[in-house]
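Here's the structure we're looking at; comments come further down.
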Amino acid sequence: MNWLWLRRCPWIDTRARFVAGVPRDGRLLDLGSSDGETLRHFAELRPDLRLASADIAGQPETYPPGCEFHRVDFERDPLPWPDRSMDAVTCLHVIEHLRDLTPLLREIARVLKPGARAYFETPHPKTLHLPSAAGRFTLNFHDDPTHVRLVTTEELSVPLQKLGLSCEAAGTSRNWFFAATHPVFSLLPGSRKKFTARVHWLGWSAYLVARRPA
């Protein structure tokens, strides 16, 4: 779904609310951009932002024009950007795929400008107990064989604070519009839209926002 409509009401979507708060003409680094869907949404919501991306296996040909891309192994490689160069960092559904979070978290703290924020999103602990949708979607945490371990926002906050970041918000990530459509889609045949509505209804993801001191 195009994110243009969220310009008027970014508060109904946890990710959109974060991106809407990035300084005008700011530089946003997205980690783990994959097929670029999230980056395209960010560009729709905030065309003024200067986007950058890093992923071990991204698809930069699908990213918004002008997006700077580098291939990075988050457990081994430093991020190829200078200290204090980013106004925001987004890290969506990456940390649950890593055995060692420390190198990536250290790099995120390094590239954030003073006062800048990072947004993390990861599967909610409740996903450990949801029914499996293996072969169709990822509903139970273990439906995705590349998941290494579940990391709660409480666990994530500990190393971030050791790196000097303050954790200013955490909770369940939702788009309230999608969540509200779940009762209708639940009566219809299976589809991607039905699954998306269910995910937001359930609160499948948890988020944490961390800030580097000014």
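FYI, the numbering for the sequence shown is 28 to 241, going by this note's numbering. A virtual CB, placed ideally from N, CA and C, is assigned to each residue, including glycine. Being a predicted model, the structure only gives us computed values, none of them experimental.
Cβ shell of L106 (< 7 Å), same chain only, five flanking positions each side left out: A81, V99, E134 and V138
With 16 other Cβ atoms within 10 Å as the buried cut-off, status of T173: exposed
Option nearest R238 by Cα separation, candidates V49, L33, I39 and A43: V49
Segment limits, alpha helix (DSSP H) that includes A136: T129 to V138
Simplified DSSP assignment, three categories, for P158: coil
Cβ-based burial, L31 [other Cβ within 10 Å; buried from 16]: Per the 10 Å Cβ criterion, exposed.
Beta-ladder partner(s) of D57, from DSSP: S80 and T117
Residues of its chain near E71, where Cβ-Cβ distance is below 7 Å and the 5 sequence neighbours each way are ignored: So the qualifying residues of the chain are N29, W30 and L31.
Backbone CA spacing between G191 and H68 [nearest angstrom]: 30 Å
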